[in-house]
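Following: one structure in C-alpha cells, then a few remarks.
Numbering (this note's numbering), first residue to last: 5 to 300.
Written out as C-alpha cells, the structure reads:
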C-alpha cells in the first residue's frame, strides 16, 4: 500500500515513520522543504498510484479548509481522503460534502497518542462509510497500538463521528489531568507530612483505581522536575475541550467536571486575575479581611 501524508509536524512525521516501519510506502508533503518528500501538493498527488489514499494531518480550521479545497481539485473520482487533524466534527461534514461532489471519498479520524504514538501506537476513532474504512484498514492497523484491534481502534459511525468521539475524549482528558493536578497541589502543600510526593504518585501506578497512562506521565514529569518549578503554570487549550462544553450545552448534558477543567486553564493565564481581585475586595468590604497591595 502507498499513502500520502500532508503535514509533517511532530505527529505527522512520527506517523510517516511508523507506517514505513510497517512496510507501508509513504510520500509526505510539508510546507517546510526540509521535512517534505516532494516539492508541492500537486507533486504528492502525482506520486501516488490511483485510486489514491491521502492522510491530512494539518492544524484544524483555515489550514485544513485550504488543503481540502486543493485536494478537491487535484484528486480524482474514487480517491480517498482521511482527515486526521483535530478538526471540529461539523467541519468534517462540510469536507465530506465538498469532496463527494467530485466523487472523492472521505473519512475522519480522531487520533490520540501525541508524541509517543510512534513508539506505542495511536488510539484511533474513525467516522465514515464501511467500505472506505475497510479500504484504509491496513493504515489504521499499522498506526494503532499492538494488541486487539478493538482496544486501539474504533469505527464509531458515519462522517463526523470520529472527531466527535475525539472531542469528547479530549474533554475527559482535560478533567482527568485537572484532577491529578489538584491532587498534586494538595499533597505538595503538606510537604511537612507527605515528604515524598513523587513516591506517592509512583505508588498509585499499580493496584489502585486511579492508575492510568496520564498518571505515568505525571510521575515521569516529577522525576525530571520534582518541584515542577522549571515551568510556568500557564496552560493553553487546543479547542476540543471548548467544543465539548459547547456541545454539552447544545445537548443539555451536564459536564461540570469538564467545564471546571476548561475554566481552570483560563485562570492559569491570568497573572493577576480580575475576578480574584474582585473577590479580595468583597472580602475586605464585608468582613474587613486584609488585602495584598498590587505589586507584592
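Don't be surprised by glycine CBs; every beta carbon is placed ideally from N, CA and C.
Reduced DSSP category for residue 113 - H, G, I as helix; E, B as strand; rest coil: Residue state for residue 113 is assigned as strand, using DSSP reduced to three classes.
Beta-carbon gap between residue 140 and residue 84 smaller than 9 Å: Result yes, Cβ atoms of residue 140 and residue 84 sit closer than 9 Å.
6 Å CB neighbourhood of residue 226 in its chain, flanking five on each side removed: Result list for residue 226: 202, in chain order.
Residue 60 versus residue 115 - alpha carbon distance: One C-alpha to the other measures close to 12 Å.
DSSP-derived helix/strand/coil call for residue 70: Here residue 70 sits in helix by DSSP.
Secondary structure of residue 226, DSSP reduced to three states: Looking at residue 226 - three-state DSSP - the assignment turns out to be helix.
For residue 52 and residue 8, believed in contact at Cβ under 8 Å, the rounded distance: Right, the Cβ-Cβ distance comes to about 5 Å (below 8 Å), so this counts as a contact.
Option in 185, 239, 274 with minimal Cα separation from residue 231: Comparing Cα-Cα distances from residue 231 to each of 185, 239, 274, the minimum goes to 185.
With 16 other Cβ atoms within 10 Å as the buried cut-off, status of residue 134: The residue in question, residue 134, is exposed, as its Cβ has fewer than 16 Cβ neighbours within 10 Å.
Residue(s) in a DSSP beta bridge with residue 7: The secondary-structure analysis by DSSP pairs residue 7 across a beta bridge with 30.
The segment 101-109 contacting the segment 73-91, beta-carbon criterion three pairs below 8 Å: These segments touch.
Top-ranked residue by Cα proximity to residue 175, from 255, 72, 251: Measuring from the Cα of residue 175, the nearest candidate turns out to be 251.
Buried or exposed by the 16-neighbour rule on C-beta atoms within 10 Å, applied to residue 214: When all chains shown are included, residue 214 counts as exposed.
Spatial neighbours of residue 124 in its chain, beta-carbon cut-off 8 Å, leaving aside the 5 residues before and after: Result list for residue 124: 117, 149, in chain order.
Buried/exposed call for residue 195, threshold 16 Cβ in 10 Å: Under this definition residue 195 is an exposed residue.
Close-in-space but distant-in-sequence residues of the same chain around residue 171 (CB under 6 Å, 5 per side omitted): 244, 247, 248.
Whole runs of the alpha helix (DSSP H) within the segment 106-171, excluding any shorter than 4 residues: As far as the segment 106-171 is concerned, its whole alpha helix (DSSP H) runs of at least 4 residues are 121-124, 134-139, 141-147.
Residue 205 classed as buried or exposed, judged by whether at least 16 other C-beta atoms fall within 10 angstroms: Under this definition residue 205 is a buried residue.
Cutoff 6 Å; reference residue 182; Cβ partners in own chain excluding five residues on either side: Residues of the same chain with a CB within less than 6 Å of the CB of residue 182, apart from the 5 flanking positions on each side, are 265, 268 in chain order.
Any non-hydrogen atom of the ligand NAD closer than 8 Å to residue 227 Cβ: With respect to small molecules bound, the structure shown includes none, and the ligand NAD cannot be examined in it.
Straight-line Cα distance separating residue 281 from residue 273: A straight-line Cα-Cα distance of about 15 Å links residue 273 and residue 281.
Which listed residue (10, 191, 77, 47) has its alpha carbon closest to that of residue 64: Of the listed residues, the one whose Cα sits closest to residue 64 is 10.
For residue 98 and residue 113, the rounded distance between their alpha carbons: Spanning the two alpha carbons is a distance of roughly 15 Å.
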